[in-house]
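Here the structure comes first, spelled out in structure tokens, and everything after it is commentary.
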Amino acid sequence: MRAIRTNAIRFRLSVLLAFIASLCVMAGLTANGVSAADEPRPPLAIQFSLDRPIDAAAAPFVMAAAGGLFSAEALAVTTNIASGSSDAIARVAAGTSDFALVDINALMRFRDKDKQGGPRIKAVFMLFNKAPYAIIARKSRGIRMLSDIEGKTLGVAEGDLSVRLWPAVAHQNGIKIKNVKQSSISAAVREPMLSAGQIDAVTGFSYLSAINLRDRGVPADDLAVLKFADYGCEAYGFAVIVNPALAAAKPEAVKGFVRGVIGGLNLTIKDPAGAAAEVANRMDGGSKDLELERLQTILRDNILTSEVRRNGVGAIDPARFERSIDQVGEDFKFQKRPQASDIFDDQFLPPLNGRLVN
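Just remember that my numbering sits 11 ahead of the position in the sequence shown, which is counted from 1.
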């Protein structure tokens, strides 16, 4: 009996010890699990392309980086500079850049011309609700409104995006393009030639050429800034595009990048002077005052439109976008006309309450 009792005690003790051991193992696993969950995720390296040298248009991205908003999304964003929208789009298509800020209308043309069956790149965030396309003219040379352009000489810089929508604007406003002499010029001499009176007007971006001309000493009251958006142009402007492979494999990273940009835009709206200073600090010889003037123009004319105040930042109006595609088609023969959904993907945008601006 004593042997049986001893064996029973030993059995109970072994069971108890095994139970305690299992609890210890489970506790260790739980502790390891908690510590792993609490550890910050290693940041995902992101390459982001601007389609031109940095200026005030890049303020939301600069502020997102400076304010740690990309880092908060576990993204390590490195910015590189492309030689234009086509180059920036090509980098995203090749996968050497993950995101880029490009002209949405250039994306339409790029995708239509791609005969190699490349990746179907789409925009995921619309920064410029209105394109900055404009004709900048000298009133002293007889141009105060768009109809005055007939019989004048219009300087068009190589690679200029505004002139691609000029046929649609001219047609809509009853202007005969054949009556406007177009002079091909280098982008480097666009403002100098206009300020010297060698041409009557130039195509360009309203926030670039007009402010550059005032900086060169042309009186503000001698400048007529004829914004295409005021003359029936439906075009959207700069948008963020993403590499399709990244969008498919890491959709949360794309959403995080978009949230970072929205946060950076809100910081820019809240403190334009601070944003202009951050931008100027990243430029070679940048002027805070000049970039502040440029930024205020961009916010007023291109970003904080009535459509954005209603529908939030980053989105598009599909019906308007379809009309803008038709306007692009007046100067570009599509092999296959795209639909709005072919060019813009809204699935990475936060809900409306996360995109409203004050």
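Glycine residues also receive a C-beta, built at the ideal position from the N, C-alpha and C atoms.
Inset, instruction - Let me know if Lys141 comes out buried or exposed under the rule of 16 or more other beta-carbons within 10 Å of its beta-carbon. - result: Buried: at least 16 other Cβ atoms inside 10 Å.
Legend entry - 7 Å Cβ cutoff met for Phe359 and Val269: yes
Inset, instruction - Could you work out which residue in Val265, Lys261, Arg149 and Glu245 is closest to Asp233 when comparing CA atoms only? - result: Arg149
Legend entry - Extent of the continuous beta strand (DSSP E) run through Gly79: Per DSSP, Gly79 belongs to no beta strand (DSSP E) and is neither H nor E.
Legend entry - Entirely enclosed beta strand (DSSP E) segments - the stretch 72-139, minimum 3 residues: 86-92, 110-114 and 133-137
Inset, instruction - Answer yes if the stretch 167-176 comes into contact with the stretch 335-345, meaning at least three C-beta pairs across the two stretches below 8 Å, and no otherwise. - result: yes
Legend entry - alpha helix (DSSP H) segment containing Gln183, residue limits: For Gln183, the enclosing alpha helix (DSSP H) has its first and last residue at Trp177 to Gln183.
Inset, instruction - Answer yes or no: do Met156 and Ala286 have a C-beta to C-beta separation smaller than 7 Å? - result: no
Legend entry - Rounded C-alpha distance that separates Tyr218 from Phe121: 25 Å
Inset, instruction - Measure the C-alpha to C-alpha separation of Ile115 and Glu304 and round it to an integer number of angstroms. - result: 24 Å
Inset, instruction - Would you kindly report the start and end of the unbroken beta strand (DSSP E) that includes Ala235? - result: Start and end: Leu234 to Lys238.
Inset, instruction - Could you round the C-beta distance between Ile132 and Ala117 to whole angstroms and report it? I think they count as a contact, below 8 Å. - result: That belief does not hold up - the Cβ atoms of Ile132 and Ala117 are roughly 11 Å apart, past 8 Å.
Legend entry - Span separating the alpha-carbon of Ser195 from that of Leu112: Taking the Cα positions, Ser195 is about 26 Å away from Leu112.
Inset, instruction - Could you pull the start and end residues of the beta strand (DSSP E) that Val213 belongs to? - result: Ala212 to Phe216
Legend entry - CA-to-CA distance, Glu263 to Pro361, given in whole angstroms: 11 Å
Legend entry - Same chain only: Cβ atoms within 8 Å of Ile210, ignoring 5 sequence neighbours per side: Thr164, Leu165, Gly166, Ser194, Ile196 and Met204
Inset, instruction - Check whether the Cβ of Ala75 lies closer than 6 Å to any heavy atom of the ligand SAM, and answer yes or no. - result: The ligand SAM is absent from the structure shown, which contains no ligand whatsoever.
Inset, instruction - Using the Cα positions of Ala47 and Val319, report the straight-line distance between them to the nearest angstrom. - result: Its pLDDT being 42, under 50, Ala47 is placed unreliably by the model, and the measurement read from it follows with that caveat. Taking the straight line from one Cα to the other gives about 41 Å.
Inset, instruction - Return yes when the Cβ of Gly106 is within less than 7 Å of the Cβ of Asp62, no when it is not. - result: no
Legend entry - Candidates Ile154, Val368 and Arg102: closest to Lys281 by CA position: Val368
Inset, instruction - Using alpha carbons as the reference points, say which of Gly79, Asn190 and Thr316 lies closest to Ile160. - result: Asn190
Legend entry - CB contact flag (Gly248, Asn313, <7 Å): yes
Inset, instruction - Given a cut-off of 7 Å, decide if Asp66 and Leu257 are closer than it, judged by their beta-carbon atoms. - result: no
Inset, instruction - Report, in whole angstroms, the separation of the C-beta atoms of Leu301 and Asp226, which I expect to be a contact under 8 Å. - result: 6 Å
Inset, instruction - Report the rounded CA-to-CA distance for Ala246 versus Ala240, giving the unit in angstroms. - result: 8 Å
Legend entry - Gly297 and Ala288 closer than 7 Å at C-beta: Using a Cβ distance threshold of 7 Å, Gly297 and Ala288 do not count as a contacting pair.
Inset, instruction - Could you tell me which residues DSSP pairs with Tyr144 in its beta bridges? - result: The partner list for Tyr144 (beta bridge, DSSP) reads Phe216.
Inset, instruction - Find the nearest neighbour of Asn322 within the set Asp353, Gln350 and Asp357, judged by alpha-carbon distance. - result: Asp357
Inset, instruction - Tell me whether the beta-carbon of Ile146 lies closer than 7 Å to the beta-carbon of Leu237. - result: yes
Inset, instruction - Taking Thr308 and Ile186 to be in contact with their CB atoms under 8 Å, please state how far apart those CB atoms are, rounded to whole angstroms. - result: Contact between Thr308 and Ile186 fails: their C-beta atoms lie close to 25 Å from each other, not under 8 Å.
Legend entry - Start and end residues, beta strand (DSSP E) containing Ala250: Unbroken beta strand (DSSP E) run through Ala250: Phe249 to Val253.
Inset, instruction - Please state if the CB of Ala134 and the CB of Phe343 are separated by a distance shorter than 7 Å. - result: no
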